[in-house]
Amino acid sequence: MTLRNTLDFLLYDWLDAPALSSRERFADHSRETFDAVLDTCERIAREKYAPANRTVDTEEPRFDGEKVILPQATHDAHKAFVESGMMSAAQDYDIGGMQLPYTVQAAANSFFAMASVSIGSNMLTSGNANLLMVHGTEMQKKVFALNEFSGRWAGTMCLSEPQAGSSLSDVATRAVPDGADFQDDPLGPRYRLTGNKMWISAGDHELTENIVHIVLAKIPDENGKLIPGTRGISLFIVPKRMVDTEGKLTGERNDVALAGLNHKLGWRGTTNTLLNFGEGKYPVGGKAGAVGYLVGSPGKGLACMFHMMNEARIGVGTAATMLGMAGYHASLEYAKNRPQGRPVGPEGKDAAKPQVRIIEHADVRRMLLAQKSYAEGALALELYCARLVDEHKTGDDKSADDARILLEVLTPIAKSWPSEWCLEANSLAIQVHGGYGYTRDFPVEQYWRDNRLNMIHEGTHGIQAADLLGRKVLMENGRGLQLLAARIQETIGKAAGTPRLAAHAEALGAALERVAQATREAWSTGNPRDALTNAVPYMQAFGHVVLAWLWLDVAQRALALDADAAQPATAGRVGATDYFFNYELPKIGAWLNVVESRDPTCVELPEEAF
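Residues in the sequence shown are numbered from 20 upward in steps of one, following the numbering used here.
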């Protein structure tokens, strides 16, 4: 099975992407145009990305005092991606887009993530531009977003600070009005920013002629003090190089300086930076302070930024998924060709007999099937979320609103589940390779290193879990959870009538009720401290139930097309479903036990006892 086989089934047979062509926005498209996009991206990934994956890992970005230097292969891959038009594939025709369904764009981009996840900064650039298309002024869209969609400029997301990390309440970057006429700048109310931003991916490079930083900062009150908490956070466009209202570079550098490069475990092909804003190294108009243009209203920056953050969370989940997929394919190929040992039983005791390939050993098959269930299940999850994006944008009023709230509930899972379990898939890929697995002679050690970052990227597990149990399952009186449960019940009803899947349907029904019960018990005291103490186990169980549902739905569809599972692909999908229900879904009991009892072990142990 190739990635393309899997994508074709999920896109066309399971999600029925061609049906989107009946909607006005996508009327010019068909399976033929979707296939052409997939063909192009698969080719670019194979020719420009995959051959450079080891290169960008070993030739890390370096700063020569003036500019960041990246391998030529990174420039070549980025150029090919931009020329493909994929940066703006889902955008309107009148701004150079293809009006491609986001579902198809997400599927096509998976080729690049699998080939070399750390080349380029395309996810952040498109997310940055998408944010501006929703929250920016017409001038900001024209000057900044459109130049990002064209690939002429790149974009970043500047949230974290050295002293604050993920605690955005503690953001200390300041933004003060720039002159008496600051409100009159055509690019937006103009401010001067000072502060530091840490862990900024693609914060400096020479891939594009400019970089558009989207920056969280606080506007001081009338006493010059910053407002505590997140209420005082505003959002600003801070270009690396100054521009005019036509999007032309003025020749003046903005006061944003690279303070240093962070050297990471993985994703080494992407520059990761500490940026200093307003230190005076590049004064603008003879004054220190980075020039920034306000996006939206003062004090409402975090709400705007969540538009980009949620998109990035799904992007990180997809990156984690494809790294898991890459490791699975590599270890599967290795297992099919590596002879070692003999079968268990009397016939295996004759050392004179030839060795068997390791795929014939039960434990290796277990590890391969685990990887398959994690990676292909996670891909189904990410594409399902992408399909909800299209529904939210182009469905009727009810279906669009249902898609919105379902996305709210599923986004923490779409980010966290692949970043945990596809990392486990990468660990199993190393194990399948044995002693070769942790050497650099094989790619699986790099896949693991790259993937280990994704549990931290765009919000740690703890943050996602608190968001899920503390906000998402409660919002709008639990409507999102109710909608999700209804969709799961619909799949259970269909699968119950399929003898091959009936037992799984029953198990999923029981698991769904257990999650509902755990949600009630977690909040039974009404005290967030009680509920959220075990938010991560809750999220793990919730995620496993979602993945079990998706696998059951996928298997149901596969058997509807091939009732006897005569095709190897069908047998593989049903086998992965069996594995997930028999080996993975039972794990939720241990996770939910501590949630339901509001177990206080972790919070009550005295600090000195650790």
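The beta carbon of each residue, even a glycine, is placed where N, CA and C say it ideally should be. All values reported here derive from a predicted model rather than from experimental measurement.
Rounded to whole angstroms, how far is the Cβ of residue i from the Cβ of residue j, which I believe are closer than 8 Å?
i, j, result
"residue 4", "residue 194", "Residue 4 falls outside the range modelled here, since the chain spans only 20 to 629, and no answer is possible."
"residue 391", "residue 591", "7 Å"
"residue 396", "residue 566", "5 Å"
"residue 279", "residue 293", "5 Å"
"residue 477", "residue 332", "5 Å"
"residue 231", "residue 180", "Not confirmed; about 19 Å, so no contact."
"residue 571", "residue 529", "Their Cβ separation, rounded to whole angstroms, is 13 Å, which puts residue 571 and residue 529 out of contact at 8 Å."
"residue 210", "residue 135", "With 8 Å as the limit, residue 210 and residue 135 do not qualify as a contact, their Cβ atoms being about 38 Å apart."
"residue 376", "residue 355", "6 Å"
Kindly indicate the opening and closing residues of the alpha helix (DSSP H) around residue i.
i, result
"residue 53", "50 to 63"
"residue 131", "121 to 134"
"residue 435", "416 to 452"
"residue 272", "That residue, residue 272, is in no alpha helix (DSSP H); its beta strand (DSSP E) goes 268 to 272."
"residue 20", "Note, residue 20: premise wrong, no alpha helix (DSSP H); not H, not E."
"residue 175", "First-last for residue 175: 172 to 177, but that is the beta strand (DSSP E), not the alpha helix (DSSP H)."
"residue 550", "547 to 551"
"residue 510", "494 to 515"
"residue 102", "91 to 103"
"residue 463", "463 to 471"
"residue 558", "554 to 580"
"residue 536", "521 to 541"
"residue 460", "Unbroken run through residue 460: none, as it is neither H nor E."
"residue 482", "480 to 486"
Applying the 10 Å Cβ sphere with the 16-neighbour rule, what's the burial state of residue i?
i, result
"residue 518", "exposed"
"residue 334", "buried"
"residue 492", "buried"
"residue 215", "buried"
"residue 73", "exposed"
"residue 409", "buried"
"residue 465", "buried"
"residue 19", "Since the first residue shown for the chain is 20 and the last is 629, residue 19 is missing from the structure and cannot be characterised."
"residue 523", "buried"
"residue 110", "buried"
"residue 488", "buried"
"residue 582", "exposed"
"residue 499", "buried"
"residue 368", "exposed"
"residue 575", "buried"
"residue 199", "exposed"
"residue 561", "buried"
"residue 459", "exposed"
"residue 512", "exposed"
"residue 403", "buried"
"residue 163", "buried"
"residue 240", "exposed"
"residue 598", "buried"
"residue 320", "buried"
"residue 291", "buried"
"residue 431", "buried"
How is the beta strand (DSSP E) around residue i delimited, first residue to last?
i, result
"residue 218", "209 to 220"
"residue 232", "229 to 237"
"residue 312", "309 to 314"
So what does residue i bridge to, in DSSP terms?
i, result
"residue 634", "Outside the modelled stretch of the chain, which goes from 20 to 629, sits residue 634, for which no answer is possible."
"residue 72", "None; residue 72 has no bridge partner."
"residue 279", "293"
"residue 258", "231"
"residue 194", "212"
"residue 376", "358"
"residue 153", "According to DSSP, residue 153 bridges with nothing at all."
"residue 306", "303"
"residue 392", "For residue 392, which the question treats as bridged, DSSP gives no partner whatsoever."
"residue 87", "82"
"residue 253", "236"
Should residue i be counted as a contact of the ligand MG given a C-beta to heavy atom distance under 8 Å?
i, result
"residue 612", "Summarising the ligand content, the structure contains no ligands, and the ligand MG is consequently not present."
Answer yes if the segment 324 to 336 comes into contact with the segment 135 to 149, meaning at least three C-beta pairs across the two stretches below 8 Å, and no otherwise. yes
For the pair the segment 546 to 566 and the segment 472 to 484, tell me if three or more CB-CB distances fall below 8 Å. yes
The segment 442 to 457 touching the segment 254 to 274, judged by at least three CB pairs closer than 8 Å: no
Taking one C-beta from the segment 169 to 189 and one from the segment 219 to 235 each time, how about it: are there three or more such pairs within less than 8 Å? yes
The segment 115 to 130 in contact with the segment 28 to 38 per 3-pair CB rule at 8 Å: yes
With three or more C-beta pairs closer than 8 Å as the rule, is the segment 152 to 170 touching the segment 86 to 94? no
For the segment 199 to 216 and the segment 129 to 139, state whether three or more C-beta atom pairs, one from each stretch, are separated by less than 8 Å. no
Sufficient close CB pairs (3 or more, under 8 Å) joining the segment 380 to 390 to the segment 404 to 421: no
Assess, as a yes-or-no matter, whether the segment 419 to 433 is touched by the segment 497 to 514 under the definition of 3 or more beta carbon pairs within less than 8 Å. yes
I want to know whether the segment 282 to 290 touches the segment 463 to 474 - three or more CB-CB distances under 8 Å. yes
Is it true that the segment 51 to 62 meets the segment 259 to 268, where meeting means three or more beta-carbon pairs spaced less than 8 Å apart? no
Tell me whether the segment 335 to 346 and the segment 236 to 255 touch, counting them as touching only if at least three CB pairs, one residue from each stretch, are closer than 8 Å. no
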